[in-house]
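The block underneath contains the structure these notes are about, expressed in structure tokens.
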Amino acid sequence: MNTIENVKNYWNGRPCNIRHSTKEIGTKEYFNEVEARKYFVEPHILDFAQFDRWKDKNVLEIGCGIGTATIGFARAGADVTAVDLSEKSLKMAKKRANIYGFKNIKFYTANAEELSKTVPVEKYDLIYSFGVIHHTPHPEKVFEEIKKYCKPETEIRIMLYSKWCWKVFWIIFTYGKGRFWQINKLVPRYSEAQTGSPITYIYSFWDIRKLMKDFNIMNIYKDHIFPYVIGKYVKYEYQYVWYFRWMPKFLFRWLERHFGWHTMIIAKLK
Ligand SMILES: C[S@@+](CC[C@H](N)C(=O)[O-])C[C@H]1O[C@@H](n2cnc3c(N)ncnc32)[C@H](O)[C@@H]1O
């Protein structure tokens, strides 16, 4: 079940964020809306990616999906190498780059666990991977590959899903009726917009320090709780669920920073 083929088929079946717009798929209006919705729902990405910082730098993006961050880096003037396992996602990302006229992006279809078999080894200023490495069967192999593309100054910015967070509690209680011992089955089933992700690992800070033992972690923090009523969200309506509606904003932010679904990691090679 947990093979790389299954992972590829899953993301080919429904590339990430493909329903972020109701406009005709593949048009400029569609991609504009996808980007707007992405940063409306996940505004913390903008602070994390810091697109403008990478002008004239080279950026390796692992797991670019349909290319939302890829375009952000390219627009800021970076030289981007974008990689994904899913051909369907890459096709959309390439189309997106063409529509906006960006020539500073190289795309590769590759499995990040064997990146250097496909992507020429060179040193990058930034290695960026958002919400990807927890979906691959052997995350430790990805970090072995990443090392090959690092010089001492390379900044690594990665998001991995959190273990101790609101979303995991919510999945266990909503779908698992409290059966926390089934966590390893429940989380992959319900972690994504489309049910049944073959692999979704979750990590504590301690797990991440172990996984990234060859890297100096300069900053690690949690962010992001999805606050909307799902039935409305899929219809592009943004209504907070009742308990978040009444929660003071500062308390919601506190919750996000302590129990957010996204663990944001900034690191360099040791
Ligand atoms: C949740 S999506 C995130 C996409 C993008 N980073 C974003 O934020 O929109 C996960 C992506 O990781 C890709 N992926 C999963 N395992 C991979 C692997 N071993 N090598 C390359 N890409 C992989 C999937 O194909 C999918 O496009």
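Start counting the sequence shown at 186; every next residue gets the next number (this note's numbering). Quick reminder that beta carbons are idealized off the backbone N, C-alpha and C, glycines included.
Item, Value
"Cβ neighbour criterion (16 or more within 10 Å) applied to residue 419", "exposed"
"Beta-carbon proximity check, residue 457 vs residue 193, cutoff 8 angstroms", "A question about residue 457 goes unanswered here, because the residues of the chain that appear run from 186 up to 455."
"Contact check, residue 396 vs residue 324, beta carbons under 8 angstroms", "yes"
"Chain-order list of residues whose beta-carbon lies under 7 angstroms from that of residue 445 (same chain, five-residue window excluded)", "347, 350, 407, 408, 409 and 410"
"Sequence-distant residues of the same chain with beta carbon closer than 8 angstroms to residue 187, five excluded per side", "322, 383 and 384"
"C-alpha distance - residue 264 paired with residue 398, whole-angstrom precision", "28 angstroms"
"Counterpart residues of residue 268 in DSSP-defined beta bridges", "247 and 293"
"Same chain, Cβ closer than 6 angstroms to residue 287, neighbours up to 5 away in sequence not counted", "259"
"Closest by C-alpha distance to residue 423, when choosing among 200, 210, 226 and 215", "226"
"Simplified DSSP assignment, three categories, for residue 432", "coil"
"CB of residue 448 within 8 angstroms of CB of residue 405, strictly", "yes"
"Distance, residue 269 Cα to residue 249 Cα", "6 angstroms"
"Residue 240 in three-state terms, based on DSSP", "coil"
"Proximity below 8 angstroms, CB of residue 453 to CB of residue 400", "yes"
"Member of 441, 220, 215 and 327 whose CA lies at the smallest distance from the CA of residue 246", "327"
"Any non-hydrogen atom of ligand 1 closer than 7 angstroms to residue 271 Cβ", "yes"
"Residue nearest to residue 298 in terms of C-alpha spacing, selected from 234, 189 and 429", "189"
"Where residue 397 sits in the DSSP three-state scheme", "coil"
"Residue 324, enclosing alpha helix (DSSP H) - first and last residue", "324-333"
"Distance cut-off 7 angstroms: residue 239 Cβ against heavy atoms of ligand 1", "no"
"Residue 228 CB to nearest heavy atom of ligand 2 below 7 angstroms", "Summarising the ligand content, the structure contains ligand 1 and does not contain ligand 2."
"Ligand 1 heavy atom lying under 7 angstroms from the CB of residue 298", "yes"
"Same chain, Cβ closer than 6 angstroms to residue 252, five either side skipped, listed in chain order", "278 and 281"
"Neighbourhood of residue 344 by C-beta distance below 6 angstroms, restricted to the same chain and skipping five residues each side", "315, 316, 447 and 449"
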